[in-house]
Amino acid sequence: MMLPFLDSNLIGVDIGSASVKIAYFKGGKGSYTLKAAAYSRLPSGPDAATGKLPPGFISELIASNGIKGGKVCALASVRSLSFSHISVPVMPENEMKEAVKWAVRKETGLPPDDLVSDFTYTGARKTAENTVPVIAFSAKKSEVDGLMALFKDSGLEARVIDAAPTALLAAFDLNNVWEDGVNYSMVDIGATKATLVIMKNSRLMFAREIPFGGRELTAALAEGLGMEESVAEEYKIAYGLNPPEGADAEARRLLTLHLTGLCRELHRSFDYYQAQFREGTVARLFLCGGTARLKGMDGFITETLGIESFVDDPIRKVSIPAGFDKERLRLIAPCMSIAVGLATRT
Ligand SMILES: Nc1ncnc2c1ncn2[C@@H]1O[C@H](COP(=O)(O)OP(=O)(O)OP(=O)(O)O)[C@@H](O)[C@H]1O
Ligand SMILES: [Mg+2]
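Residue numbers for the sequence shown follow this note's numbering, beginning at 153 and rising by one.
#1: Helix, strand or coil for residue 162, going by three-state DSSP, please let me know.
#2: Can you have a look at residue 282 and say buried or exposed, based on whether 16 or more other CB atoms are within 10 angstroms of its CB?
#3: Can you tell me where the alpha helix (DSSP H) with residue 211 in it begins and where it stops?
#4: Have a look at residue 175 and residue 278 and give me their C-alpha separation to the nearest angstrom.
#5: Quick one: using the 10 Å Cβ neighbour count with 16 as the cut-off for buried, is residue 250 buried or exposed?
#6: The alpha helix (DSSP H) with residue 339 in it runs from where to where?
#7: Taking Cβ positions, are residue 133 and residue 228 nearer each other than 9 Å?
#8: Answer with buried or exposed for residue 486, where buried requires no fewer than 16 other C-beta atoms within 10 angstroms of its C-beta.
#9: Between residue 193 and the rest of its own chain, which residues show a CB-CB distance below 6 Å, the 5 nearest in sequence each way excluded?
#10: Beta carbon of residue 165, beta carbon of residue 226: below 9 Å?
#11: What span of residues does the alpha helix (DSSP H) with residue 248 cover, start to end?
#12: For ligand 1, enumerate in chain order all residues having a CB closer than 6 Å to any of its heavy atoms.
#13: In its own chain, which residues sit with a C-beta less than 7 Å from the C-beta of residue 483, not counting the 5 before and 5 after it?
#14: I'd like to know if the segment 374–381 and the segment 449–456 are in contact, where contact means that at least 3 CB-CB pairs between them fall below 8 Å.
#15: Quick one: what does DSSP say residue 447 is sitting in, helix, strand or coil?
#16: Rank 471, 234, 207 and 167 by C-alpha distance to the C-alpha of residue 145 and give the top, closest one.
#17: What do you get for residue 242, buried or exposed, if any count of 16 or more other CB atoms within 10 angstroms of its CB means buried?
#18: Residue 285 bridges to which residues according to DSSP?
#19: Check the C-beta distance from residue 369 over to residue 349 and give it rounded, since I have them as a contact under 8 Å.
#20: Would you identify the three-state DSSP class for residue 492, choosing helix, strand or coil?
#21: Ligand 2 heavy atoms versus the CB of residue 502: any closer than 8 Å?
#22: So, residue 286 versus residue 238, is the Cβ gap smaller than 9 Å?
#23: For a test of your reading of the model: does the CB of residue 362 fall under 8 Å from any non-hydrogen atom of ligand 2? Yes or no.
#24: Cα-Cα, which of 261, 255, 280 and 263 is closest to residue 270?
#25: Excluding the 5 residues preceding and the 5 following residue 291 in the sequence, name in chain order all residues of the same chain whose CB lies nearer than 7 Å to its CB.
#26: DSSP puts residue 463 in a beta bridge; with which residues?
#27: By the 10 Å Cβ neighbour count, where 16 or more other Cβ atoms means buried, how is residue 335 classified, buried or exposed?
#28: Three-state secondary structure (DSSP) at residue 425?
#29: Can you tell me whether residue 538 is buried or exposed? The criterion is at least 16 other CB atoms within 10 Å of its CB, across all chains shown.
#30: Does the beta carbon of residue 464 fall short of 8 Å from some heavy atom of ligand 2?
#31: The alpha helix (DSSP H) spanning residue 484 covers which residue range?
#32: Taking 6 Å as the limit between beta carbons, can you name the residues of its chain near residue 445, skipping five residues before and five after?
#33: Please list the terminal residues of the continuous beta strand (DSSP E) segment that includes residue 173.
#34: Can you tell me whether residue 399 is buried or exposed? The criterion is at least 16 other CB atoms within 10 Å of its CB, across all chains shown.
#35: Name the residue from 189, 455 and 213 whose alpha carbon lies nearest to the alpha carbon of residue 308.
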């Protein structure tokens with residue numbers, strides 16, 4: 153039986169410090185069709201504060217991708233967003249939100265009337281009897297209101313505000329079969345930060361933000377090679393870890409030096425996860441975000457960590473109608489994982 157077409161899908165919007173990503177689908181889980189996928193770099197030197205987006209940026213991007221308007225699931229890309237692992241006493245579902253709010257209030261020190269919080273249950277083991285482990289998200293209400301207003305001004309309605317870890321889980325879930333008991337990891341490496349998640353049996357197990365991003369790599373090249381930032385950025389994108397024939401090895405040395413720092417943090421997180429949560433090793437690591445496109449990145453991480461690492465393609469299970477530029481989609485896909493995860497939320 154054909155049901156009347158009911159478009160309940162949300163437009164996934166990931167506003168980062170360097171770019172805006174949009175994903176929009178038709179259909180439902182297992183049968184998604186792409187309606188729109190957009191990646192647009194922000195003009196140079198923008199700030200993570202979404203209020204500083206050029207006016208009209210979102211509405212023009214939406215319109216130029218054939219989206220007439222609608223309801224949005226947005227990444228909570230506000231400066232004050234933080235997430236933490238906490239254990240909350242077992243209590244009725246409807247009291248959990250308040251309890252989490254209490255707990256994060258103590259942790260963040262944000263005044264209660266300027267605090268919004270949410271949480272997701274994790275699959276982690278209980279740390280004590282009669283408690284439930286959750287990952288709590290919190291942000292300043294004023295900043296989240298500013299984000300909602302930005303969408304309103306763009307002719308859109310922000311229905312859901314989500315955090316990167318749950319969006320990554322959703323993107324992974326769309327594309328993969330969960331092997332029982334296997335720990336998978338995903339890391340979104342953007343311009344200013346990296347978000348790491350560990351997942352198992354369809355659940356989020358661990359999430360952490362690492363202060364590393366592509367800007368650090370560009371700055372290292374600019375300083376080390378005496379280049380303008382814009383030249384260093386082009387050099388980084390053109391060659392990555394595979395410098396041209398005959399070039400001296402300094403660029404690669406600088407990049408690997410900084411990437412080794414990232415790998416150290418990833419390694420520490422996996423170690424912590426295994427020890428603290430009494431869990432097994434991470435079997436596979438998926439890389440996404442703009443910095444995952446660095447040439448040679450997956451091989452370098454696989455080798456350094458000894459964990460099979462892949463560049464993510466979050467739309468590999470989505471059907472792509474004729475008319476889309478497949479080559480462009482292939483290029484932007486690794487940057488789209490969070491937006492794709494957002495677009496599958498209901
Ligand atoms: N082909 C490429 N090779 C190497 N680095 C790249 C490539 N393409 C983009 N980048 C880097 O990716 C970064 C931007 O990634 P992305 O668009 O995911 O950032 P963002 O989501 O806006 O940032 P953040 O999440 O940190 O706020 C920049 O540092 C850019 O230099
Ligand atoms: Mg990002």
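Where a beta carbon is used, it is the ideal one built from N, C-alpha and C, also for glycine.
Walking through what the data contain:
#1: What you label residue 162 is simply residue 10 of the sequence shown in a count that begins at 1. Coil, per DSSP.
#2: As a working mapping, residue 282 is identified with position 130 in the sequence shown. By the neighbour-count criterion, in which a residue is buried when 16 or more other Cβ atoms sit within 10 angstroms of its Cβ, residue 282 is exposed.
#3: By 1-based counting over the sequence shown, the position of residue 211 is 59. Unbroken alpha helix (DSSP H) run through residue 211: 209–216.
#4: For the purposes of this step, residue 175 is identified with residue 23 of the sequence shown, where counting begins at 1. For the purposes of this step, residue 278 is identified with residue 126 of the sequence shown, where counting begins at 1. Looking at the two C-alpha atoms, the distance is approximately 36 Å.
#5: By 1-based counting over the sequence shown, the position of residue 250 is 98. Around the beta carbon of residue 250, fewer than 16 other beta carbons sit within 10 angstroms, so the residue counts as exposed.
#6: Numbered from its first residue, the sequence shown carries residue 339 at position 187. Unbroken run through residue 339 is the beta strand (DSSP E), 335–341; no alpha helix (DSSP H).
#7: The structure shown does not extend to residue 133, since the chain is modelled only from 153 through 498, so no value can be given for it.
#8: For this step, residue 486 is matched to residue 334 along the sequence shown. With 16 or more Cβ atoms within 10 Å of its Cβ, residue 486 is classed as buried.
#9: Along the sequence shown, one-based indexing puts residue 193 at 41. By the criterion of a C-beta distance shorter than 6 Å, residue 193 is surrounded in its chain by 171, once the five residues flanking it on both sides are discounted.
#10: Start at 1 with the first residue of the sequence shown, and residue 165 comes out as number 13. Start at 1 with the first residue of the sequence shown, and residue 226 comes out as number 74. Taking 9 Å as the cut-off, the beta carbon of residue 165 is found closer than this to the beta carbon of residue 226.
#11: Locating residue 248 in the sequence shown gives position 96, counting from the first residue. Looking at the DSSP string, the run of the alpha helix (DSSP H) that includes residue 248 is 245–260.
#12: Taken from the N-terminal end onward, the list reads 168, 169, 170, 171, 200, 342, 343, 344, 345, 365, 366, 367, 370, 385, 388, 389, 392, 441, 442, 443, 445, 446 and 487.
#13: The sequence position of residue 483 within the sequence shown is 331, counting from 1. Taking C-beta separations shorter than 7 Å and ignoring five residues to either side along the sequence, residue 483 has no partners in its chain.
#14: Fewer than three pairs of CB atoms, one per stretch, sit closer than 8 Å, so the segment 374–381 makes no contact with the segment 449–456.
#15: Here residue 447 refers to the residue found at position 295 when the sequence shown is read from its first residue. Three-state result, residue 447: coil.
#16: The structure shown has nothing for residue 145, since the chain only spans 153 to 498.
#17: Counted from its first residue, the sequence shown places residue 242 at position 90. Residue 242 is exposed by the Cβ-count criterion.
#18: Residue numbering aside, residue 285 sits at position 133 when the sequence shown is read from its first letter. 239, per the DSSP bridge assignment.
#19: Here residue 369 refers to the residue found at position 217 when the sequence shown is read from its first residue. Here residue 349 refers to the residue found at position 197 when the sequence shown is read from its first residue. Rounded, the Cβ-Cβ distance is 22 Å, inconsistent with contact.
#20: On the sequence shown, position 340 is the one that residue 492 refers to. DSSP places residue 492 in helix when its eight states are reduced to three.
#21: Residue 502 is absent from the structure shown; the chain starts at 153 and stops at 498.
#22: Mapped onto the sequence shown, residue 286 falls at position 134. Mapped onto the sequence shown, residue 238 falls at position 86. With respect to residue 238, residue 286 sits close: the two C-beta atoms are nearer than 9 Å.
#23: In the sequence shown, residue 362 corresponds to position 210, counting from 1. No, Cβ of residue 362 sits at least 8 Å from all heavy atoms of ligand 2.
#24: Counting from 1 along the sequence shown, the entry for residue 270 is found at position 118. The option with the nearest alpha carbon to residue 270 is 255.
#25: Along the sequence shown, one-based indexing puts residue 291 at 139. Only 228, 230, 232, 233 and 268 meet the Cβ criterion.
#26: To locate residue 463, count along the sequence shown from 1; it is residue 311. DSSP lists 439 as partners of residue 463.
#27: Residue mapping note: residue 335 aligns to position 183 of the sequence shown, counting from 1. Within 10 angstroms of the beta-carbon of residue 335 lie 16 or more other beta-carbons, which makes it buried.
#28: Numbered from 1 along the sequence shown, position 273 holds the residue referred to as residue 425. Shown here, residue 425 sits in a helix according to DSSP, grouped into three states.
#29: As displayed, the chain neither begins before 153 nor continues past 498, which places residue 538 out of reach and without an answer.
#30: In the sequence shown, the residue the question calls residue 464 occupies position 312. Within the chosen limit of 8 Å, ligand 2 does not reach the beta carbon of residue 464 with any heavy atom.
#31: The sequence position of residue 484 within the sequence shown is 332, counting from 1. Here the alpha helix (DSSP H) through residue 484 covers 478–484.
#32: Counting from one through the sequence shown, the residue named residue 445 turns up at place 293. Correct list, in chain order: 486.
#33: Working through the sequence shown from its first residue, we reach residue 173 at position 21. Element bounds for residue 173: 171–178.
#34: As a first step, residue 399 is located in the sequence shown; it is residue number 247 there, counting from the start. Residue 399 counts as exposed, since fewer than 16 other beta carbons sit within 10 angstroms of its beta carbon.
#35: Here residue 308 refers to the residue found at position 156 of the sequence shown. Residue 213 is the option with its Cα nearest to residue 308.
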